[in-house]
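Undergrad: After the structure tokens below, expect a handful of questions from me.
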Amino acid sequence: MLYIQKNIQFLELEQELPDSYLVGDNIENYEDGAYLLLSEEQEQYHNDYPEASPLECWYMALTPEPQPTPEELLWRARDAKRQEIYDKDIHHYYIDEQDAYAGDTLRLKDKCGRQEEVEVGGHLYASNILTVALDEIADYSEQCAKVTDGLLSRIDAAQTAEEVEAIVVEGYPEMIHTTTAALQTKADKAIAKSPEAQAVTFARAMMNSVSLTASQALEMQVLFPIWGEKNAEFGKEVEIGFRLRVVEGESDTLFEVIQKHKLQADWKPGIETASLYKIVEDEHAGTLDDPIPYVQGMAFEKDKYYEQYGVIYLCILTTVTGYPNDLKDLPTIVQEVKQ
Numbered sequence: 001m002l003y004i005q006k007n008i009q010f011l012e013l014e015q016e017l018p019d020s021y022l023v024g025d026n027i028e029n030y031e032d033g034a035y036l037l038l039s040e041e042q043e044q045y046h047n048d049y050p051e052a053s054p055l056e057c058w059y060m061a062l063t064p065e066p067q068p069t070p071e072e073l074l075w076r077a078r079d080a081k082r083q084e085i086y087d088k089d090i091h092h093y094y095i096d097e098q099d100a101y102a103g104d105t106l107r108l109k110d111k112c113g114r115q116e117e118v119e120v121g122g123h124l125y126a127s128n129i130l131t132v133a134l135d136e137i138a139d140y141s142e143q144c145a146k147v148t149d150g151l152l153s154r155i156d157a158a159q160t161a162e163e164v165e166a167i168v169v170e171g172y173p174e175m176i177h178t179t180t181a182a183l184q185t186k187a188d189k190a191i192a193k194s195p196e197a198q199a200v201t202f203a204r205a206m207m208n209s210v211s212l213t214a215s216q217a218l219e220m221q222v223l224f225p226i227w228g229e230k231n232a233e234f235g236k237e238v239e240i241g242f243r244l245r246v247v248e249g250e251s252d253t254l255f256e257v258i259q260k261h262k263l264q265a266d267w268k269p270g271i272e273t274a275s276l277y278k279i280v281e282d283e284h285a286g287t288l289d290d291p292i293p294y295v296q297g298m299a300f301e302k303d304k305y306y307e308q309y310g311v312i313y314l315c316i317l318t319t320v321t322g323y324p325n326d327l328k329d330l331p332t333i334v335q336e337v338k339q
């Protein structure tokens, strides 16, 4: 036999409860804390619906789920419609039927300006045609964003769930399917019409053919070739005075060749190749009033003043190469100037 009780819910026993227990026969008794013995039908209902509450078993009827309010229906409809928009499969751009869509077009355009080929979606594309494609992708993405913003505004403006559900997610532009040949034609036309593009291309190729001071070179640093890339590719023989950049993340450092050699992947400009490169620094007089800011790896010139961490040092020995040390650790080359 099965009892129900307000606090313990259900109590199953083989015999009836003794008289010492408060046993009742109606809901008023139940609310007062009494035990109610379920009939066979009520007990069967409990077996059929084990999740039913004691009162639902007593009445042999499940309590209907509360109906959502109009506001709740509106919120649900808005969330569902927004998700429908976000799930829209629109971010594609096909070159020769290969998806070349990219969200970070600015970063890729920067790479196009530094490399002959750039990889997108596992495929290599010539930088000139990829630049055209990235412009088209940016335009396409902007059009899609406008459609999305318009749909989201309509959803926010809707006052009922029915109004939201009536909104059709449409209006997006057709996905672009193009070919490398078509992009090449556009790229050729763009160059022919753009004196600025021609000037930049020419300047990049000529940067190491003109004589520039260190300060002038630093002002035009972005035009110098990048180590291992176009105009400074591995295997290229470079003369003394040739300048190139090493770009790593946010770092962009300009180096100058101080010994003729062929560029190699394992001879990266830096401290370990101080016999091949020096860092290009702003020109300073090297006087006590205008000391040279010291960077590890730079060569020294006797009688010049250098500064590091706010401390000024006088060079007492000219060197051909630099060292991977701070000035305080080079007592045979520099001496601290006592202020």
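Note that the numbering used here gives residue 98 to position 98 of the sequence shown, counting from 1, and the numbers run on in steps of one. Idealized CB from N, CA, C, for every residue including glycine.
1. Just the C-alpha distance for Lys109 and Arg204, rounded to the nearest angstrom, thanks.
2. Opposite Lys278 in the DSSP bridges: which residues?
3. Cβ atoms of Pro173 and Gln143: under 8 angstroms apart, would you say?
4. Return helix, strand or coil for Arg114, following the three-state DSSP convention.
5. What does DSSP give as the partner residue(s) for Phe10 in the beta ladder?
6. Return helix, strand or coil for Val23, following the three-state DSSP convention.
7. With Ala77 as the anchor, note down where its alpha helix (DSSP H) starts and where it stops.
8. CB Ile4 to CB Pro54, shorter than 8 angstroms?
9. Looking at the ligand SAM, does it come within less than 7 angstroms of Phe234, judged from the CB to the closest heavy atom?
10. In terms of residue numbering, what span does the beta strand (DSSP E) encompassing Gln42 cover?
11. Can you give me the C-alpha to C-alpha distance between Glu16 and Glu65, rounded to a whole angstrom?
12. With the cut-off set at 8 angstroms, would you say Ile137 and Thr105 are in Cβ contact?
13. Output the distance between the C-alpha atoms of Lys189 and Gly103, rounded to the nearest integer angstrom.
14. Quickly, what does DSSP pair Gln308 with across the bridge? List them, please.
15. From the DSSP secondary-structure annotation, give me the bridge partner or partners of His177.
16. Could you check which residue in Arg154, Gly122, Arg243, Ala126 has the C-alpha nearest to that of Ile226?
17. Pick from Ala77, Cys112, Thr253: whose alpha carbon is nearest that of Ala158?
18. Quick check on Asn208: buried or exposed, where buried means 16 or more other Cβ atoms within 10 Å of its Cβ?
19. Classify Asp329 as helix, strand or coil using the three-state DSSP reduction.
20. Quick check on Pro269: does DSSP put it in helix, strand or coil?
21. Within this structure, are the beta carbons of Lys278 and Ile292 separated by less than 8 angstroms?
22. From the DSSP output, which residues share a beta bridge with Ile226?
TA: Checking against the coordinates, here is how it stands:
1. By one-based count along the sequence shown, residue 109 stands at place 109. By one-based count along the sequence shown, residue 204 stands at place 204. Distance between the alpha carbons of Lys109 and Arg204 is about 16 angstroms.
2. Taking the first residue of the sequence shown as position 1, residue 278 is located at position 278. DSSP lists Glu256 as partners of Lys278.
3. Translated into the one-based positions of the sequence shown, residue 143 becomes position 143. Translated into the one-based positions of the sequence shown, residue 173 becomes position 173. It is a contact, given that the beta carbons lie within the stated cut-off.
4. Reading the sequence shown from its first residue, position 114 is the one you call residue 114. Note: Arg114 maps to coil in three-state DSSP.
5. In the sequence shown, counting from the first residue as 1, residue 10 sits at position 10. DSSP output for Phe10 lists Ile4 as bridge partner(s).
6. As a working note, residue 23 is residue 23 in the sequence shown. Here Val23 sits in strand by DSSP.
7. Taking the first residue of the sequence shown as position 1, residue 77 is located at position 77. Here the alpha helix (DSSP H) through Ala77 covers 70 to 86.
8. Against the sequence shown, residue 4 aligns to sequence position 4. Against the sequence shown, residue 54 aligns to sequence position 54. Closer than 8 angstroms, so yes.
9. In terms of ligand content, the structure shown is empty, and the ligand SAM therefore cannot be addressed.
10. Position 42 of the sequence shown, counted from the first residue, corresponds to residue 42. Per DSSP, Gln42 belongs to no beta strand (DSSP E); it is in the alpha helix (DSSP H), 40 to 48.
11. Here residue 16 corresponds to residue number 16 of the sequence shown, with the count starting at 1. Here residue 65 corresponds to residue number 65 of the sequence shown, with the count starting at 1. Distance between the alpha carbons of Glu16 and Glu65: 34 angstroms.
12. By one-based count along the sequence shown, residue 137 stands at place 137. By one-based count along the sequence shown, residue 105 stands at place 105. In contact: Ile137 and Thr105 (Cβ atoms closer than 8 angstroms).
13. Translated into the one-based positions of the sequence shown, residue 189 becomes position 189. Translated into the one-based positions of the sequence shown, residue 103 becomes position 103. A direct Cα-to-Cα measurement between Lys189 and Gly103 gives close to 25 angstroms.
14. For this step, residue 308 is matched to residue 308 along the sequence shown. Val311.
15. Within the sequence shown, numbered from 1, the residue matching residue 177 stands at position 177. Paired residues: Tyr94.
16. Within the sequence shown, numbered from 1, the residue matching residue 226 stands at position 226. The shortest C-alpha separation from Ile226 is found at Arg243.
17. In the sequence shown, residue 158 corresponds to position 158, counting from 1. The shortest C-alpha separation from Ala158 is found at Ala77.
18. Position 208 of the sequence shown, counted from the first residue, corresponds to residue 208. Buried: at least 16 other Cβ atoms inside 10 Å.
19. The count along the sequence shown starts at 1 and reaches residue 329 at position 329. Looking at Asp329 - three-state DSSP - the assignment turns out to be helix.
20. What you label residue 269 is simply residue 269 of the sequence shown in a count that begins at 1. Here Pro269 sits in coil by DSSP.
21. Residue 278 sits at position 278 when you count from the first residue of the sequence shown. Residue 292 sits at position 292 when you count from the first residue of the sequence shown. Going by C-beta atoms, Lys278 is not nearer than 8 angstroms to Ile292.
22. By 1-based counting over the sequence shown, the position of residue 226 is 226. According to DSSP, Ile226 bridges with Arg245.
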